[in-house]
Amino acid sequence: MTQSNPPIWRLDRHGHDVVLSLRGNWIARESGLRNTAEMRQALEPLDAALLRFDTNGLGRWDSALVVFLQSLRAEAARQAPPLGLDESALPEAARRLLALAEVGTGQKPEENAALRPSLATQVGYSVFNWWDGGVAVAALIGETALRGVAAVGGRTRTRAVDVMQLMREAGGGAVAIIAVVNGLVGAILAFVGAVQLRRFGAGIYVADLVGIAMVREMAAVMTAIVMAGRTGGAYAAHLATMQGNEEIDALRALGIPVHDFLVLPRVVALVAMMPLLYLYACAVGLFGGFVVGGAILDLTPSAFWGQIQTAVAGRQFVIGLVKSVAFGALVALVGCHVGLQAGRSAADVGRAATRAVVASIVGIIALDALFAVCADALGV
Amino acid sequence: MASGATPSPPLLKAEGLTLAFGSRVILRDLSFSVRRGSVFAVMGGSGCGKSTVMRAMIGLLRPAAGTVAVDGEDYWGATAERRAEIGRRFGVLFQNGALWSAMSVAENVALPLQMFTDLGADDVDALVRLKLSLVGMEAAGERMPAELSGGMRKRAGLARALALDPDLLFFDEPSAGLDPVTSKRLDDLILELRDGLGATVVIVSHELPSLFAICDDGVFLDAETRTAIAHGSPRALRDGCGHPTVRAFMERSRQDHHGQGGSP
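Printed below as a string of structure tokens:
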């Protein structure tokens, strides 16, 4: 290959015509594109009627030459009396490509830039979008409730196999991470509490602190957050991928209710698994607290458990269980909703998973605050 | 690309190719060669391993035995780096375009140029515009792949395949999923590009009208014997091949052409 043969052009005057000689290798990868600005400057003073080509010195060429010729054409048409081009000397293949590109440019870029909406329009659109989003969420919750009632009567197309499979994935699969997270949260609570309470000689109240915090708040919230990342994100990604593969369209076309087939099993699975995981999380969290309490304060097991039994009333567990059910439903609904609303590309799948996790976690915290206010108002 | 074309050894040559997924052999002892400047068809019924052959040629599946030579150079015997370098001479159009969905059409075409050339942003833009105009997609450069129809997605994929001015274009089922008119237009475009770019084209397809229209050489694969059972252009195979499988395959189209109402 002749590497050192750069693309060169030269304009010469021959009577009334100009001749453009093209030499060298016009390969985009090797020497980039030629600038036509110089060409414009060279053409202007010539004031010729016809431009012919001389390609005797032309070596290898690719798109670089075609781009050059394209802009030369545009340049020639722009000249005051339009400059004629006699392209017969150009390589046949180049002429074909030029013709093909010309046909392609027949259609002009569509009206995209013309419609840049005003601020008021944008605000209006976002209000409508926000409203539509709200309606969609309300519809999803309503439909889930209605279909859930129907399911109790055995009048849905939800398959038990699906529910069992989803339960196994959501419940059994999460046992390890729930144990790690809640065990550590219990241990941290005990540690922080022990440092403070020891100064007042109230070390034994570490058990109260860990017990009430875990059972009433942390076990449910931490478990829900783990499930939002683990299962909610997976639901969103799964449904968004199904959307992209037209699987959801196939369900709709067959008349299989998407809601019964996809949403309800997921909601049921999480609502069923979350209370169990919550109880498990409580146990692990209390154990974590006990380990730290025992290590720092030398609490005996019987003293610790005894203290917990007096501190944590049964209704604390009820509050925790109610929360965990609500969180489970929230995570599953958000995941399914986001997944079903997702676009059809690979990037949309990633976006759906992110949105589902973020929305679930924010929702969990907000819902927990709501529970705190309600519990305070009810005096429980 | 188009320089003085001298009669030279085949651009692409497969010899004794055996392709397998694990222990499952898809094709065995397959040999063929692709002449420079030809439009070469890899034909055969569904499940005969057509696409697998293409995967072996574009570096996605290492053959269990045999060689693929590009310009006389052993493709699979080369180091991975060298193979990637050779691969840059290929342009591949996947069945559904395989556009990167997070990027606009123009960005899809620009990426190979940005990755493998030192061109500035303006030059890349100019080349992208050229490639898009070659496939008639200049107006759609800013659109996202998800907003395109099937035919447009293919044309955009074709523009991307052309980005680096390849010597060798691979098409996987170019007309699959397209209506006859669009498919015909794509066939014409392939021929125009072949002539314009001086590229060699390998087409994997079972769409007979397309095969007859554009291919001038080819190989016929058989799912039962798992190897090539005929060589030659689709038209020549239709008109003069004695092999019953090939006949049955090609006859299908003849019946379709001649017996509009009457054929079974």
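Order-wise, the sequence lines are chains A and B. Using the numbering used here, the letters of the first sequence map in sequence onto residues 567 to 946. Using the numbering used here, the letters of the second sequence map in sequence onto residues 13 to 276. Built from N, CA and C at the ideal position, the CB exists for glycine as well.
With a cut-off of 8 Å, do at least 3 Cβ pairs link the stretch 41-50 of chain B to the stretch 229-236 of chain B?
-> yes
Who pairs with isoleucine 215 of chain B in a beta bridge, going by DSSP?
-> One-based indexing of the second sequence puts residue 215 of chain B at position 203. B:Ala53, B:Phe183, per the DSSP bridge assignment.
Taking the C-alpha atoms as reference points, what is the distance between glycine 739 of chain A and methionine 730 of chain A?
-> In the first sequence, the residue the question calls residue 739 of chain A occupies position 173. In the first sequence, the residue the question calls residue 730 of chain A occupies position 164. If you take the alpha carbons of glycine 739 of chain A and methionine 730 of chain A, they lie about 13 Å apart.
Output, in chain order, the set of chain B residues within a Cβ distance shorter than 8 Å of alanine 849 of chain A.
-> What you label residue 849 of chain A is simply residue 283 of the first sequence in a count that begins at 1. The premise fails here: alanine 849 of chain A is roughly 44 Å from chain B at the closest Cβ pair, so nothing lies under 8 Å.
Could you tell me if tyrosine 691 of chain A is buried or exposed, where buried requires 16 or more neighbouring beta carbons within 10 angstroms of its beta carbon?
-> One-based indexing of the first sequence puts residue 691 of chain A at position 125. Looking at its Cβ environment, which holds fewer than 16 other Cβ atoms inside 10 Å, tyrosine 691 of chain A is exposed.
Bounding residues of the alpha helix (DSSP H) (the contiguous stretch that carries valine 878 of chain A) = Along the first sequence, one-based indexing puts residue 878 of chain A at 312. From DSSP, valine 878 of chain A is part of no alpha helix (DSSP H); its letter is neither H nor E.
Chain A contact residues for lysine 138 of chain B, given Cβ-Cβ distances below 7 Å = Translated into the one-based positions of the second sequence, residue 138 of chain B becomes position 126. It should be noted that the sequence gives alanine, not lysine, for residue 138 of chain B. The contacting residues are Leu599, Val633.
Of all the options A:Thr621, A:Val884, A:Met788, A:Gln907, which has the alpha carbon lying nearest to the alpha carbon of aspartate 815 of chain A?
-> As a position in the first sequence, residue 815 of chain A is number 249, starting the count at 1. Comparing Cα positions, the closest option is A:Gln907.
Option nearest leucine 142 of chain B by Cα separation, candidates B:Pro157, B:Leu125, B:Gly71 | Looking up residue 142 of chain B in the second sequence gives position 130. Measuring from the Cα of leucine 142 of chain B, the nearest candidate turns out to be B:Leu125.
CA-to-CA distance, threonine 687 of chain A to glutamate 93 of chain B, given in whole angstroms = To locate residue 93 of chain B, count along the second sequence from 1; it is residue 81. To locate residue 687 of chain A, count along the first sequence from 1; it is residue 121. Taking the straight line from one Cα to the other gives about 53 Å.
Which chain B residues are close to leucine 666 of chain A, counting only those with a beta carbon under 9 Å from its beta carbon?
-> Here residue 666 of chain A refers to the residue found at position 100 of the first sequence. Chain B residues near leucine 666 of chain A: Ser145, Leu146, Val147, Gly148, Leu201, Glu204, Leu205, Gly208.
Roughly how far, in whole angstroms, is the beta-carbon of valine 833 of chain A from the beta-carbon of alanine 895 of chain A, given that I think they are within contact range, below 8 Å?
-> Residue numbering aside, residue 833 of chain A sits at position 267 when the first sequence is read from its first letter. Residue numbering aside, residue 895 of chain A sits at position 329 when the first sequence is read from its first letter. Confirmed, about 6 Å.
Look at the Cβ atom of alanine 158 of chain B, then the Cβ atom of serine 113 of chain B, and state whether they are nearer than 9 Å.
-> As a working mapping, residue 158 of chain B is identified with position 146 in the second sequence. As a working mapping, residue 113 of chain B is identified with position 101 in the second sequence. In contact: alanine 158 of chain B and serine 113 of chain B (Cβ atoms closer than 9 Å).
If we count the other Cβ atoms within 10 Å of its Cβ and call it buried at 16 or more, is glutamate 658 of chain A buried or exposed?
-> Sequence index remark: in the first sequence, residue 658 of chain A carries index 92 (1-based). It counts as exposed.
In chain order, what residues of the same chain have a beta carbon less than 6 Å from the beta carbon of leucine 198 of chain B, not counting five sequence neighbours either side?
-> Along the second sequence, one-based indexing puts residue 198 of chain B at 186. Closer than 6 Å at Cβ, skipping near neighbours: Pro186.
Any C-beta of chain B under 9 Å from that of arginine 595 of chain A | For the purposes of this step, residue 595 of chain A is identified with residue 29 of the first sequence, where counting begins at 1. Yes, its Cβ sits closer than 9 Å to a Cβ of chain B.
Starting from glutamate 27 of chain B, follow its DSSP beta bridges and name the residues at the other end.
-> Within the second sequence, the letter at position 15 stands for residue 27 of chain B. According to DSSP, which records beta bridges pairwise, glutamate 27 of chain B is partnered with B:Thr79.
Within 10 angstroms of its Cβ, does glycine 672 of chain A collect 16 or more other Cβ (buried), or is it exposed?
-> Taking the first sequence and counting its residues from 1, one reaches residue 672 of chain A at position 106. Here the model assigns glycine 672 of chain A a pLDDT of 48, short of 50, so the residue's position is not dependable, and the following value carries that caveat. Exposed, because fewer than 16 other Cβ atoms sit within 10 Å of the Cβ of glycine 672 of chain A.
By Cβ distance, which residues of its chain are closer than 6 Å to isoleucine 770 of chain A, with the 5 residues on each side in sequence left out?
-> Stepping through the first sequence from its first residue, residue 770 of chain A is reached at position 204. Hits under 6 Å: Gln873.
Check each candidate in A:Gly767, A:Val747, A:Leu775, A:Phe827 and name the one with the smallest Cα separation from valine 758 of chain A.
-> Here the question's residue 758 of chain A lines up with position 192 in the first sequence. Taking only the C-alpha atoms, the option nearest valine 758 of chain A is A:Leu775.
Coil, strand or helix - isoleucine 822 of chain A by DSSP = Position 256 of the first sequence, counted from the start, is the residue given in the question as residue 822 of chain A. DSSP places isoleucine 822 of chain A in coil when its eight states are reduced to three.
Does the beta carbon of isoleucine 931 of chain A fall short of 8 Å from some heavy atom of the ligand ATP?
-> For the structure depicted, the ligand ATP is absent and the ligand set is empty, with no information on it obtainable.
What residues are listed by DSSP as bridge partners for phenylalanine 44 of chain B?
-> The sequence position of residue 44 of chain B within the second sequence is 32, counting from 1. In DSSP, phenylalanine 44 of chain B forms a bridge with B:Ala26.
Buried versus exposed call for methionine 127 of chain B [16 or more other C-beta atoms within 10 Å across all chains shown] = For the purposes of this step, residue 127 of chain B is taken as the residue at position 115 of the second sequence. Flag for methionine 127 of chain B reads exposed.
8 Å Cβ shell around arginine 661 of chain A - same chain, five flanking residues per side excluded | Walking along the first sequence from the start, residue 661 of chain A turns up at place 95. So the list reads Glu653, once near-sequence residues are dropped.
Histidine 804 of chain A: first and last residue of the uninterrupted alpha helix (DSSP H) it sits in = Numbered from 1 along the first sequence, position 238 holds the residue referred to as residue 804 of chain A. Unbroken alpha helix (DSSP H) run through histidine 804 of chain A: 799-810.
Does the distance from the CB of alanine 26 of chain B to the CB of methionine 69 of chain B come in under 9 Å?
-> As a working mapping, residue 26 of chain B is identified with position 14 in the second sequence. As a working mapping, residue 69 of chain B is identified with position 57 in the second sequence. Cβ atoms of alanine 26 of chain B and methionine 69 of chain B: closer than 9 Å.
Could you have a look at serine 63 of chain B and say whether DSSP puts it in helix, strand or coil?
-> As a working mapping, residue 63 of chain B is identified with position 51 in the second sequence. Note: serine 63 of chain B maps to helix in three-state DSSP.
Taking C-alpha atoms, which residue in B:Pro246, B:Asp130, B:Val54 lies nearest to serine 43 of chain B?
-> The sequence position of residue 43 of chain B within the second sequence is 31, counting from 1. Of the listed residues, the one whose Cα sits closest to serine 43 of chain B is B:Val54.
Output yes if chain B places a C-beta closer than 9 Å to the C-beta of proline 675 of chain A; else output no.
-> What you label residue 675 of chain A is simply residue 109 of the first sequence in a count that begins at 1. Here the model assigns proline 675 of chain A a pLDDT of 49, short of 50, so the residue's position is not dependable, and the following value carries that caveat. Taking Cβ atoms only, chain B reaches closer than 9 Å to proline 675 of chain A, which makes this a yes.
Give the residues from the stretch 99-113 of chain B that approach chain A closer than 7 Å (Cβ to any Cβ), ordered along the chain.
-> Ser113
Backbone CA spacing between glycine 103 of chain B and alanine 248 of chain B [nearest angstrom] | Taking the first residue of the second sequence as position 1, residue 103 of chain B is located at position 91. Taking the first residue of the second sequence as position 1, residue 248 of chain B is located at position 236. Computed Cα separation, rounded: 27 Å.
Does the distance from the C-beta atom of valine 923 of chain A to that of glycine 737 of chain A stay below 9 Å?
-> Position 357 of the first sequence, counting from 1, holds the residue named residue 923 of chain A. Position 171 of the first sequence, counting from 1, holds the residue named residue 737 of chain A. No, these two residues do not count as a Cβ contact at 9 Å.
Could you give the DSSP three-state label for histidine 580 of chain A: helix, strand or coil?
-> On the first sequence, residue 580 of chain A is found 14 positions in, with the first residue counted as 1. If DSSP states are grouped into helix, strand and coil, histidine 580 of chain A belongs with the strands.
Name the chain B residues whose beta carbon is nearer than 7 Å to that of valine 669 of chain A?
-> Locating residue 669 of chain A in the first sequence gives position 103, where the first residue counts as 1. By Cβ distance, chain B contributes Gly148.
For leucine 209 of chain B, count neighbouring C-beta atoms within 10 Å of its own C-beta (all shown protein chains included) and say buried if the count is 16 or more, exposed if not.
-> To locate residue 209 of chain B, count along the second sequence from 1; it is residue 197. Buried is the call here.
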